[in-house]
Every structure is written in C-alpha cells, then in structure tokens.
Amino acid sequence: MPSLGASFGRGGATDFQQDLQNSDCIVIMGSNMAENHPVGFQWVMEARERGATVIHIDPRFTRTSAMASKWVGIRAGSDIAFLGGVVNYILQNDLWFEEYVKHYTNAPVIIADTFADTEDLDGLFSGWDPEKGKYDTTTWRYEGMEMHASAGNREEGFGPSGHQAGHGGAGGGLRHGEPPSEDPDLQHPRCVFQILKRHYQRYTPELVADLCGCSVEEFLFVCEALTQNSGRERTSAFCYAVGWTQHTVGVQYIRTAAIIQQLLGNMGRPGGGIVALRGHASIQGSTDIPTLYDILPGYLSMPHTEYYGDFESFMQANTSPTGFWGHFKAYWVSLMKSYFGEHATADNDWLFKQLPRIDDDNSVYFTVDQMLEGNVKGYIIAGENPAVGNSNGRANRLGLAKLDWLVVRDLVEIESASFWYDSPEIETGELETKAIPTEVFFLPAAAHTEKDGSFTNTQRLLQWHRQAVEPRDDCRSDLWFYFHLGRRIREKLADSKEPRDELVRYLRWDYPTHGQLDEPSAEAILAEINGSETATGAPLDAYTKLRDDGSTACGCWIYCGVFKDGVNQAARRKPHWEQDYVAAEWAWAWPANRRTIYNRASADPNGDPWSERKKLVWWDGTKWTGHDVPDFEPTKAPDYRPGKDATAEDAIAGDHPFIMQADGRSWLFVPQGLVDAPLPTHYEPHESPFDNPLYAQRANPRRQQRKKASYDPYNPVADEPGAEVYPYVVTTYRLTEHHTAGGMTRTIPYLSELQPEMFCEVSPELAAEAGLEAGGWATIFTARSAIEARVLVTNRIPPVTVQGRTTHQVGLPYHWGARGLTTGDSANDLGHLALDPNVHIMESKAMTCGIRPGRRPRGKALTEFVTELREQAHSRREMAPRHEPEETRKTSKT
Amino acid sequence: MSSTLGHPAAAPDGWDAYGDDQQPRVGFFTDTSVCIGCKACEVACKEWNLIPEDGLSWTGESYDNTSALGANTWRHVAFIEQEKPLHTNGDGSTGLRWLMESDVCKHCTHAACLDVCPTGSLIRTEFGTVIVQQDICNGCGYCVPACPFGVLDKRHIAKPPELPAFHGNEDGRVWKCTLCYDRLKGGHEPACAKACPTQSIQFGPLDELRERADARLAKLSGEGWNGVQLYGRDPDDGVGGFGAFFLLLDDPEVYGLPPDPIVTTKHLGEMWSSMAAAATVLVAGVACAFIGRRR
Chain V
1 MPSLGASFGR
11 GGATDFQQDL
21 QNSDCIVIMG
31 SNMAENHPVG
41 FQWVMEARER
51 GATVIHIDPR
61 FTRTSAMASK
71 WVGIRAGSDI
81 AFLGGVVNYI
91 LQNDLWFEEY
101 VKHYTNAPVI
111 IADTFADTED
121 LDGLFSGWDP
131 EKGKYDTTTW
141 RYEGMEMHAS
151 AGNREEGFGP
161 SGHQAGHGGA
171 GGGLRHGEPP
181 SEDPDLQHPR
191 CVFQILKRHY
201 QRYTPELVAD
211 LCGCSVEEFL
221 FVCEALTQNS
231 GRERTSAFCY
241 AVGWTQHTVG
251 VQYIRTAAII
261 QQLLGNMGRP
271 GGGIVALRGH
281 ASIQGSTDIP
291 TLYDILPGYL
301 SMPHTEYYGD
311 FESFMQANTS
321 PTGFWGHFKA
331 YWVSLMKSYF
341 GEHATADNDW
351 LFKQLPRIDD
361 DNSVYFTVDQ
371 MLEGNVKGYI
381 IAGENPAVGN
391 SNGRANRLGL
401 AKLDWLVVRD
411 LVEIESASFW
421 YDSPEIETGE
431 LETKAIPTEV
441 FFLPAAAHTE
451 KDGSFTNTQR
461 LLQWHRQAVE
471 PRDDCRSDLW
481 FYFHLGRRIR
491 EKLADSKEPR
501 DELVRYLRWD
511 YPTHGQLDEP
521 SAEAILAEIN
531 GSETATGAPL
541 DAYTKLRDDG
551 STACGCWIYC
561 GVFKDGVNQA
571 ARRKPHWEQD
581 YVAAEWAWAW
591 PANRRTIYNR
601 ASADPNGDPW
611 SERKKLVWWD
621 GTKWTGHDVP
631 DFEPTKAPDY
641 RPGKDATAED
651 AIAGDHPFIM
661 QADGRSWLFV
671 PQGLVDAPLP
681 THYEPHESPF
691 DNPLYAQRAN
701 PRRQQRKKAS
711 YDPYNPVADE
721 PGAEVYPYVV
731 TTYRLTEHHT
741 AGGMTRTIPY
751 LSELQPEMFC
761 EVSPELAAEA
771 GLEAGGWATI
781 FTARSAIEAR
791 VLVTNRIPPV
801 TVQGRTTHQV
811 GLPYHWGARG
821 LTTGDSANDL
831 GHLALDPNVH
841 IMESKAMTCG
851 IRPGRRPRGK
861 ALTEFVTELR
871 EQAHSRREMA
881 PRHEPEETRK
891 TSKT
Chain W
1001 MSSTLGHPAA
1011 APDGWDAYGD
1021 DQQPRVGFFT
1031 DTSVCIGCKA
1041 CEVACKEWNL
1051 IPEDGLSWTG
1061 ESYDNTSALG
1071 ANTWRHVAFI
1081 EQEKPLHTNG
1091 DGSTGLRWLM
1101 ESDVCKHCTH
1111 AACLDVCPTG
1121 SLIRTEFGTV
1131 IVQQDICNGC
1141 GYCVPACPFG
1151 VLDKRHIAKP
1161 PELPAFHGNE
1171 DGRVWKCTLC
1181 YDRLKGGHEP
1191 ACAKACPTQS
1201 IQFGPLDELR
1211 ERADARLAKL
1221 SGEGWNGVQL
1231 YGRDPDDGVG
1241 GFGAFFLLLD
1251 DPEVYGLPPD
1261 PIVTTKHLGE
1271 MWSSMAAAAT
1281 VLVAGVACAF
1291 IGRRR
C-alpha cells in the first residue's frame, strides 16, 4: 500500500476494525465491506447503533449500501474527483483541524520552485519527460533539500524503490528531521497548504456532480457529515478495498482519502484512520513477508543490478538519515544473519555481493508479457488462479501455454492447472491440447485446517491457527513443500563449487520436523522471523533491539516481538469481553503490538488528549501511556527538539507523530516515493466514455500500457469514433457467497447453491435500451473478449448523468470459470492490462463494454465476433483521428 | 442457561409434561434491521445439520437463490428490493432499500404440526421447541399442510446411504429446523446464531428475547425506521406467539410471511362437534327411515 506508506510511513491499515465502533462517521468507498468483510462489518453496525453516520459511495447499491445511513451512487472511476471535491470543501470553508494540520502534517513545508502543478500544465506535473513517459520527481522536492549526486537517475533505480519507497523509506536528504523551509502561518504561495488549495480549487460541488453523476446535495451531505464529525470531540474513518486500488490511478485514490483524513485530523485517533480491507486471510502478510519481487521481508529494497554495485552505496541509498528508517542497516544485517547465520559477516559485507539482483520489471503482468514472448521457462502458481483472477484472462492463459513447465499448488485442480484442455481458447481453437508444450504438475495443497501457521490479517494482526486434522492423501502444506524442496535442492548442491550456488548452501535450513510427513515446525519459523541474539539464541522482544553488527538475527524486523519471551504471542486468545476494546491480549499486531498506528497523534502537541471522549495515548509527565501501545519512544517528551547532529529517531521532534517519515509528519504532498503524482488529480480511467473535464490530459499519463501488444487491444474512448461500440461503463466485484477466482468456493455445494451462476447486473433502463430480458442471457464484450451472463435487472445499479449524458453501468462478479460445481464465463477475460505505475495493478473496476441480448457465439465464432466488433471500432477511429494522442503531447516547463 | 426463569404466559403445548426436566423455553429473535444478507446462517445450518445441497438453480430474484424454507433449507434469507427510504424522518436516507430477513421455523407455542402427527414423531422438547424425530417419521406428510408457514416439507432426494431403505430413490421423511437440539443439549447456541456476524439472529430464553425485542422496537421507532414492527412476538396471536420471532421493516406479506397466522388445528374441536352433530342427525335420519319402513 504505497499510498498509505507514502502519506504516513507504513504500508498498512492505520486502524483496527474493532475501533470502527468508536467512529462518529464512517465513509466506505471502493469497498463493499458488508459483502466481502462481513465479520469486520459488525463494528460498522455497532457504530451505526451508537449513532454514527455510515456512508457508502459506490456505483452499485450493495448489501453495504443497504446497511448505510446514506448511499451515494457515482460513476465508476470518478472517486478522485469526488474526494478532491471534499478536500476543496474543507479548505474553502475553513473546516480543517488547524492545530493538527500545522503541527502534524507537512502543510507548512515550502516546495522547491521547480514544482509546477497540473493546474499550470493542463493535467501534467513538472518533470514530465514525454519521450520516456516518466516524471523527474526531483522537481517535486522540499525547497532546500540536499539531492543525491545521481539525482537525475533516481527515479526507479537509485534510492528506495517500489514497495519500500511506498513504505516510508523515502525522504532521504533531510537533515535533523526538519524541512529546510517552512511557513508556520501557511501563507507562503509555495507552501504545501497553498499548493493544495490551488490544486483543488476547481473541484467544486457542481463539477463533482457533473463528473461523478451524483447530485450536489448528495455530495454536500457527505462533506457535511465528514466535517461535522471530525475535530477534537469527534472522529471519522474511511474504509476501502480493491474498488480503489484496481485503477490506473489507484494509489492516488487512496492518497486523496489520506489528505482528507490529515486535514480533518483523523489519523492516529480512536474511530479515525484509513482501514485498508484485504480480500484474503493473509494479504497483508504476503507483503510483509513478501511474495513481491522488489522487496525483502519488512519492506527492505531488493538490490538492482544497475546501481547497487557495492554494499556501502546500497546502505547509503536506503538509509534515511532521520526517522526509524535510519536503522535500515540493522534491519538488513539482521535479515542476512537470519538467512545465512555464521556465513554472513562484516568482512563479506553480509554476503551482499552474492545476493540476486533485480534486472527488470518482474511484476505479474510483465511476466505474462515475457511468457507470451517465450522468455519464461517455468512458473509456480500457489494460492492464485490467474486463468480466472487476472485481467485479460486470454493473455494469461496463452502465456501459460508457452511455458516448458508449470507447477500449480492448490486445493483443487483450478483453471490455471487445466487450461490446456478446458480453457476458452481450446473452445475457440486458438489452443490445441496436443500442440501445447507446457508440462503441468498439479500438487495438491493442504488447507489451513490441516496445518499450523499464522495469518496476518487486514489490520496487521498475526493470528495463529492450529492444525485440526492431517492432510489427506498427497496434500501437503506450503511449509512442507518449500522446506523439503529447499532441502532436496541443498542436498543436490551440497558439493557444488559454483559461486552461484553459495547462497543456497549457506542458507540456514535446519527447521525441526515432526509427524509421519516430516512437517516442519511452523512455530520454529515464527521464532526465526521474530529474531534472536546470535550469541545466545535468546528471543528479541522489539525491533529497537536490532543491531547492525551481526549480534542479532531477525527474519522480518516489523514482526520482531511476535515471539517475545519465547512465547507465541500470535496464539494469544483472550476475547475482547475479558479486556478493553483494544484487546491487546488477542493475538499480536505489528509493529510492537500496536493496534492504532501513529497514535501519538491522538494527543495534542503538548501530549494531552484532544478530548476526553477521544483519548487513546497521552503523556503523563514522564512517559507516554494509554489504552494502546504508544507509537512513540516511551520517554521522548512532547517538548523534545532534536539537536543539529541528531539522526534516525533522535531527529524526530517530540510533537511529530509520524516516526517512520523523515520529518516525522504525515504528507499531504508527497515529494518522493510515488512515480505518478505528488498530489492526486482526477484522471479518467484508461477506458471511459468521457474526456477529462478538468485537463487536456485525459488519463494518468504515467499509466503502464501495452500499446503494441496484439493480445491487449483497447476500446476507443471518450468521443473517439468507434467508442460507441463499447458505450457502457463496466465494473467487476465479488459476492459474499464466493471467494475471488472461485477455487475455494465453486467446489463447495453449500456456497455454490447460494450463487449458482454468472450474472450481470443492469438497470431497467439499460435492459430496455439494449433489449435485455430479466432472467435471460446477455453477451458482454470488449476489444479483448466476449462473455455471457444471466441478466439480473435491478434498480440497484441506476444510470448516472455525467456531462449531460445518461451513462449506464454494468456490474459483473468475477468468480466464475470453467471448473467446479457451478461454471461460467470469467469477467476478467474482458479486462485489459493498462496498469497503475506504482504497484502494477490492473484497472478492472472501471472499463467500458458493449452488451447485447442472448448467449455469446461458440467456438471459432466467438473469436470472429470479438474481432469483427473490434476492427469495426478501430477502423472508425483510424478513419477519423480525433487529435494527437495525449501521451505524445509536448510539455515545456522545467 | 438459568432454570429459574419464569415461563411465558402462554405455555407451549406439551412442554409441561417434562416436569423437573423442563428447561427454560428458548428461541430466536431475528432482528432484520441489522441483517447484512451474508447467508452465513444458511451455510452454518447446513454444515452443522448435514443438510444436502438443494439445487444449483439461479432465480434472478435479487440475491435470493434459496427461494423458500424446505426440507433442505432450514434458514432462508429473503432479499426484497424496494423503492422506499429506510427512514421516514427525512434524514436524507436513499429512496432505495434492500430488506434482508433470515427466515426459520417459528417453533409455535401452539403448533399444528404436533397436533396432526399420527406417529408421535413430531414432539415438543424440554426447551419448548418443536422437532421431528427422524427415526419415527413415516413420511405420511400430514404435518406439511398443517403448518401455516409452509416450513414442514418432505425430502425428495437420493437417500443418504446409511439410512434404512425407503421405496424408490427418496428419503420421503419430513425435515425441519430443530433449533439445533443437539447443540442445546450440549449447552451451545444454535449454529445459525453462532455464525451470524451482526447479531441479527439472537438466541436465548424467550422471555428475555421478548424484552430485548420490545426495547429494540422502541429504539428504532424513535429513530423513524420505516415500517418497523415485531412479528410473532405476541403470545396472544393465532399460534400463541412464535418461539422464533422477528423484527421486520415492512408488513409480513412483503417478506412472504402470513400476516395473521392461525394454528390450523384451532377449529378441529369445533369441526369434530359439528361432524358429530351431523353424524347424529344422519344416524337418526337413517334410523327414522328404518323405523318408518318397519311401520
């Protein structure tokens, strides 16, 4: 979650769901919380019972809307305009929390005069390089900040990159924690506050209504609810999920909410914050101990080939002089000691030279590109079903068909394992089973009930689960698979003299096993992740104990403390009715068992609670104390001011609560760490029926596209000829009854019977316009593919009026595929591969489509149908080119 | 569960026969104002009670693919889409609402199904609930039309292999909610209530639930909830009150529930008297006829 990381310092939900009961207003947007997080939603219901205003903003009236005090229907893909309007409302009406904003955010900081806003450049920020299609983000810096020598090359190579940058690792160049130029009165024209004010001044209620398709009254209702329920006595919270992230500008959606919460002073306080809802039991865990290619555990950067030649320059680039990222080396060295034990020493730079390097973008969709080019030999899929769950399913499946080998570990034979005989491409004849070279190995996996382990849930909480039954037959846990795979590889390489095999041979791989299956001990691994003193093996209790001299080992610094005192803290099970609502003795949350992070901000600059009603953590005269674990050094007084030579956390003043940030403040304006914008700006989705009424720049200029790829064609957009072939907005979503790509639920009778068929949701107006029959069939198509679905006609997805035009929206659940008790077409087959540039995520929440009554053509006729429509649309566009493509538009300035 | 709780005014038929073994009468209060339609109750019920899957048919009726209670569905979540505001007090709530209600066997105070069961399979338990004893049920089906709510239903699916053979490929017996009698015996709440994430399904001693429901009704009425009412709470209604009653946000018929259910055997006594009278007249008439002939 780079947006939260860049704004506040840590890429995790800032609050815990139980705390939502303390909210006075909850805005759920980009999330269908009641349907997809029903258990956590009980706390929203609790807040509503206590009188809170619950608002749901969504294109569809869902089960969440049904529970809300107010539902506001908007056009999919217009959220930044809506939220930017809220920012403008707050600023124009002077409703911001002055003391909070002045002390805790970077509002007073003066930005360098190299910065130019989208208001000046018609939708681009300064530093845009049209050739490279990238920004020189150094033009967005704080005034007077020291630059790295290689500043021109920084963007993605040098300096914290990718997910570490998004985790607060940015901010290098600040000395002793204070930005060089500030205006405490917020009047300087280049201070963040004034830039913010100018940036959003055109996001008026009328513009919001016209762009989003809601009414001015509905918009103002939300503004009033939020502002009236924020301040010293009251707090408001935001909840979001992939309805915000799955856009070409998704990171900036979340950033806009972060700005609102800073202006209203809702961060770090009870009933406040931004709750990032995750769709899987351990998605937070899968970035903490990452399945991502560009970071190591605890959001430490992976070294790149190009820049990180020697250890010292790598350390220098990643170590922030101030804030807790000042201890990067301690986290790094401890990780290497955890991996390699006595083999990692100061003399060999902790084996830095031998570590693998990133040589390219290796995110999932770029790997698909590489597969299609024939550059990927083997692939292991675990816990994913890309043939159904990934955007542009056809490209994904064609890619799989070019591998030499494929390993799929799952509970059942999912579509990603069976694509070679039952995929839509077999049906159309594009693939022929006997011509596919891929050797597919299906390895049955054990379920969570069949193994010990932990989940790190949506609120950073590590919860331990114990094995209930032995796995059946050949089913094995992931732990078993990777441990024994590693063991066998190490046996094969035991005598290798090759330098490339050194790291594998040096790995500590001595986990105890038990039982007939030689199952490795999950608890031993948790203990290793927690870390220990290398000399004594004594468990560590906090990441502040980590050292950079090799005396400590730790598998993930942010998890340090989960095995405090040698006890599995994640296994604690004291229910909340036996303690207070914070329930600190239920499981364990990173960091340091804090449940609300940045909670220093729940007290005023002097350390007193903002109000009795909203007290959480406060200064008692000698130390920080309260209901939660204070997110601050325990004895750093509110009046502490750093000396000139102070580094790391010592450089953070006693009234700056955001201790991971280099300046200890939350960032309204993000000077570095994000590649597409320092301030969120409304851009249209990659595919939408509209131009951008605010700027000539229609969509996010920095979005990643495959312009030349034949497998990822795009619909004509806005007023381009041919756009009328795909006139409707389409959005995908999940249902309570199924789980994501369906591998775990389409196989379960009790769930399948509750939602037994793929359907589309359309309004009565669209049904009439397109000739769709309720309960009948519809064919939905894009330039990529066509799918069929049963027709559910409902007032819950009403048309919206945008720029004077009635706009219909189509809703598609994406759970279905070729296998299971209930089968159907995959909504993701319609999707494209234009991505958010920060996190490489697809835009499946706002695209365009066409819809017709009846079932789709079968076999080869399907390909012909899709191709014919696409060629029709594209040829119309080429016959009458609208104007020069926006991406090549030249811009001057800087 | 405390045994010192007093019995509700209208005691369920047959309950007093338990004497010292009698337990406080328990039931459900299903508060639809907090139901999020997640169907966890349906799934938990099927998991616990080993109820078979009931057909993979899509209805196109909102999100309700279960349709009705039956032998294989003991909890059913109804979905009703309405063009009506949630509140009547002009608080800006949207002119659209989506009602969700988890329906279940009502465990009536006066249960017609009990009255008509010829085998004694249907019984009143010590908890005041109504269950079918599957080892006694002969599938006669008398109880099916006796239920004013259409809850009782014969199971027509492939028989579970461990059960004694019935004719044809059918189970043929009647199945319905037991209020998780086995769980109650073990001191646990029923599976649906346990699984409900928002406490829409509340389980407990009935008199406590009624108090809670009254307070809830007062609160929501005060807040201006559109159409809020209790259904089946009143011990003086046609079935003597439900053991499992509801807070609804519209009239019962909107949810497919009978507005004024009456125990179907209520008039059975009178019917027998009338029939007896008719029979007497008939016999007398016939007798007269013979007497007349003799003359």
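Respectively, the protein sequence lines represent chains V and W.
Quick note on our numbering: the first sequence kicks off at 1 and runs consecutively.
Quick note on our numbering: the second sequence kicks off at 1001 and runs consecutively.
Note that CB positions come from ideal geometry on N, CA and C, so glycine has one too.
1) Give a yes or no on whether the minimum CB-CB distance between V/Gln579 and chain W is below 8 Å.
2) Got a sec, what are the start and stop residues for the alpha helix (DSSP H) V/Ser363 sits in?
3) Report the rounded CA-to-CA distance for V/Gly172 versus V/Val216, giving the unit in angstroms.
4) For W/Asp1054, would you say it is in contact with chain V, using Cβ-to-Cβ distances shorter than 8 Å as the test?
5) So with Cβ pairs under 8 Å, would you call W/Trp1048 a contact of chain V?
6) With V/Pro764 as the anchor, note down where its alpha helix (DSSP H) starts and where it stops.
7) How is the beta strand (DSSP E) around V/Trp619 delimited, first residue to last?
8) Quick one: does the C-beta of V/Arg819 sit closer than 7 Å to a heavy atom of the ligand ATP?
9) Note down, in chain order, all residues in the region 748-763 of chain V with a beta-carbon under 8 Å from any beta-carbon belonging to chain W.
10) If you follow the alpha helix (DSSP H) that V/Ala834 is in, where does it begin and where does it stop?
11) For the alpha helix (DSSP H) holding W/Leu1114, just list the boundary residues, first then last.
12) Taking 8 Å as the CB-CB cut-off, is V/Thr596 touching chain W?
13) Mind listing the chain V neighbours of W/Pro1258? Cutoff is C-beta to C-beta under 7 Å, in chain order.
14) To the nearest angstrom, how far is the alpha carbon of W/Val1077 from that of V/Glu46?
15) In three-state DSSP terms, what is V/His514?
16) Kindly say whether W/Glu1101, judged by its beta-carbon, lies nearer than 8 Å to any beta-carbon of chain V.
17) If you draw a straight line from the alpha carbon of V/Thr245 to that of W/Glu1208, how long is it in whole angstroms?
18) Roughly how many whole angstroms lie between the Cα atoms of V/Arg234 and V/Gly271?
19) Taking a Cβ distance cut-off of 8 Å, strictly less, list which residues of the region 1033-1047 of chain W are near chain V, in chain order.
20) If you draw a straight line from the alpha carbon of V/Pro424 to that of V/Ile414, how long is it in whole angstroms?
21) Less than 8 Å between C-beta atoms, sequence neighbours within five positions excluded: which residues of the same chain meet that for V/Asn530?
22) Checking contacts by CB at 8 Å: is V/Val670 closer than that to chain W?
23) Is it buried or exposed, V/Tyr421, if we count other Cβ atoms within 10 angstroms and call 16 or more buried?
24) Report yes if the C-beta distance between V/Met145 and V/Pro184 is below 8 Å; otherwise report no.
25) Taking 7 Å as the limit between beta carbons, can you name the residues of its chain near V/Phe221, skipping five residues before and five after?
26) Secondary structure at V/Ala276, three-state DSSP: helix, strand or coil?
27) Which same chain residues end up closer than 6 Å to V/Asn153 when comparing Cβ atoms and leaving out the 5 residues on each side of it in sequence?
28) What residue from W/Gly1014, W/Pro1258, W/Phe1245 and W/Asp1103 has the CA that sits closest to W/His1027's CA?
29) How would you list, in chain order, the residues of chain W whose beta-carbon sits under 9 Å from the beta-carbon of V/Arg796?
30) Note down the Cα distance separating V/Gln92 from V/Pro205, rounded to an integer number of angstroms.
31) Can you check the region 1028-1112 of chain W for any beta strand (DSSP E) of at least 3 residues that lies completely inside it and give the ranges in chain order?
32) Could you name the residues that DSSP lists as bridge partners for V/Ser666?
33) Would you kindly work out how many angstroms separate the C-alpha atoms of V/Asp495 and V/Val368, rounded to a whole number?
34) Look at the alpha carbon of V/Ile851 and the alpha carbon of W/Glu1083, and state the distance between them as a whole number of angstroms.
35) Quick one: does V/Pro693 have its CB under 8 Å from some CB of chain W?
36) Please list, in chain order, the chain W residues whose beta carbon lies closer than 8 Å to that of V/Phe41.
Straight from the coordinates:
1) no
2) Neither: V/Ser363 is in no alpha helix (DSSP H) and is coded neither H nor E.
3) For V/Gly172, the predicted model reports a pLDDT of 48, less than 50, meaning its position is unreliable and no value from the coordinates is stated.
4) yes
5) no
6) Pro764 to Ala770
7) Val617 to Trp619
8) Absence of the ligand ATP from the depicted structure is noted, as is the absence of any ligand whatsoever, leaving it without description.
9) Pro749, Tyr750, Leu751, Ser752, Glu753, Leu754, Gln755, Pro756, Glu757 and Phe759
10) Element bounds for V/Ala834: n/a, residue is neither H nor E.
11) Ala1112 to Val1116
12) no
13) By Cβ distance, chain V contributes nothing, its closest Cβ being about 25 Å from W/Pro1258, past 7 Å.
14) 21 Å
15) strand
16) no
17) 46 Å
18) 8 Å
19) Val1034, Ile1036, Gly1037, Cys1038, Lys1039, Ala1040, Glu1042, Val1043, Lys1046 and Glu1047
20) 14 Å
21) Pro539, Leu540, Cys554, Gly555, Tyr559, Cys560, Gly561, Val562, Phe563 and Lys564
22) no
23) exposed
24) no
25) Lys70
26) strand
27) Because V/Asn153 carries a pLDDT of 31, less than 50, the predicted location of this residue cannot be relied on, and the following value inherits that uncertainty. So no residue of the chain qualifies.
28) The sequence given here places Gly at residue 1027 of chain W; His does not occur at that position. When each option's Cα is compared against that of W/Gly1027, the closest is W/Phe1245.
29) Ser1062, Glu1081, Leu1096 and Trp1098
30) 12 Å
31) 1075-1082 and 1097-1104
32) V/Thr105
33) 35 Å
34) 26 Å
35) no
36) Ile1036, Pro1197 and Thr1198
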